[in-house]
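Quick note on this note's numbering: the sequence shown kicks off at 919 and runs consecutively.
Here a beta-carbon is modelled for each residue, glycine too, at the ideal position from N, C-alpha and C.
Notes follow the structure.
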Amino acid sequence: MLKDNFTEVYDKFELEFFRRLFSLVREREGSLSAMEAFSVEIIHQMKEPTISQFADFLGISQSNATYKVNSLIKKGYIIKENSDVDRREYHLRLSEKYYQYSGLMRGYVDTVMERMEQRFPPEALETLTEMLKIMSDELMPEATVQ
């Protein structure tokens, strides 16, 4: 029962994510392809990775990663900034254009959170918060970005 309910909630978040993603992905100048949208989401989750870290995480070549990054830079979703530690290295930082796009993508989480706050007592939300933290910190090591 728990597995079925968890999977159902996950699937609904995923389905809404894809619905919103495809409403944003249009065949016009400067729009993101589906693969670019996934790439920019990964860069967001990695918190300012280098191109090399991005390539390693995805298991793709440095040249393939550079191609993807250059396309996202050209479209205005990310910015390359020199590292403070090694000036030869660049970190990928998200642009203001990304945050406008991201707000549309993450709005559904906010909607569900507001509904949960109205539906459940604070103690239940506190327990759920603790459980989610443990899931993230301890039970999902392969999904953690270094």
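* Quick one: Cα of residue 1052 to Cα of residue 1043, how far? -> By 1-based counting over the sequence shown, the position of residue 1052 is 134. By 1-based counting over the sequence shown, the position of residue 1043 is 125. Near 14 Å, if we compare the C-alpha coordinates of residue 1043 and residue 1052.
* Between the CA atoms of residue 987 and residue 969 - distance to the nearest angstrom -> Indexing the sequence shown from 1 puts residue 969 at position 51. Indexing the sequence shown from 1 puts residue 987 at position 69. If I take the Cα positions, the gap works out to 8 Å.
* Return the CA-CA distance between residue 927 and residue 1013, expressed in angstroms with no decimal places. => Residue 927 sits at position 9 when you count from the first residue of the sequence shown. Residue 1013 sits at position 95 when you count from the first residue of the sequence shown. Just so you know, the alpha carbons of residue 927 and residue 1013 end up roughly 31 Å apart.
* Expected contact under 8 Å - CB spacing of residue 998 and residue 1008 to nearest Å -> Here residue 998 is taken as the residue at index 80 of the sequence shown, counted from 1. Here residue 1008 is taken as the residue at index 90 of the sequence shown, counted from 1. 4 Å between Cβ atoms; contact.
* Rounded to whole angstroms, what's the CA-CA distance from residue 1005 to residue 925? Just pull it up for me. => Mapped onto the sequence shown, residue 1005 falls at position 87. Mapped onto the sequence shown, residue 925 falls at position 7. Distance between the alpha carbons of residue 1005 and residue 925 is about 45 Å.
* To do: Find out if the Cβ-Cβ distance for the pair residue 990, residue 958 is shorter than 8 Å.
  => Start at 1 with the first residue of the sequence shown, and residue 990 comes out as number 72. Start at 1 with the first residue of the sequence shown, and residue 958 comes out as number 40. Cβ distance < 8 Å, so residue 990 and residue 958 count as in contact.
* **Range covered by the beta strand (DSSP E) that runs through residue 999** => Stepping through the sequence shown from its first residue, residue 999 is reached at position 81. Residues 996-1000.
* Asked: Taking the C-alpha atoms as reference points, what is the distance between residue 981 and residue 960?
  -> As a first step, residue 981 is located in the sequence shown; it is residue number 63 there, counting from the start. As a first step, residue 960 is located in the sequence shown; it is residue number 42 there, counting from the start. Distance between the alpha carbons of residue 981 and residue 960: 17 Å.
* **Close beta carbons around residue 1000, own chain, < 7 Å, minus the five adjacent residues each side** => Here the question's residue 1000 lines up with position 82 in the sequence shown. Around residue 1000: 1008.
* **Where residue 1017 falls, given that 16 or more other Cβ within 10 Å makes a residue buried** => Taking the first residue of the sequence shown as 1, we reach residue 1017 at position 99. When all chains shown are included, residue 1017 counts as exposed.
* In the DSSP assignment, find the alpha helix (DSSP H) that holds residue 1010 and state where it starts and stops. => Taking the sequence shown and counting its residues from 1, one reaches residue 1010 at position 92. Element bounds for residue 1010: not the alpha helix (DSSP H) but the beta strand (DSSP E), 1008-1012.
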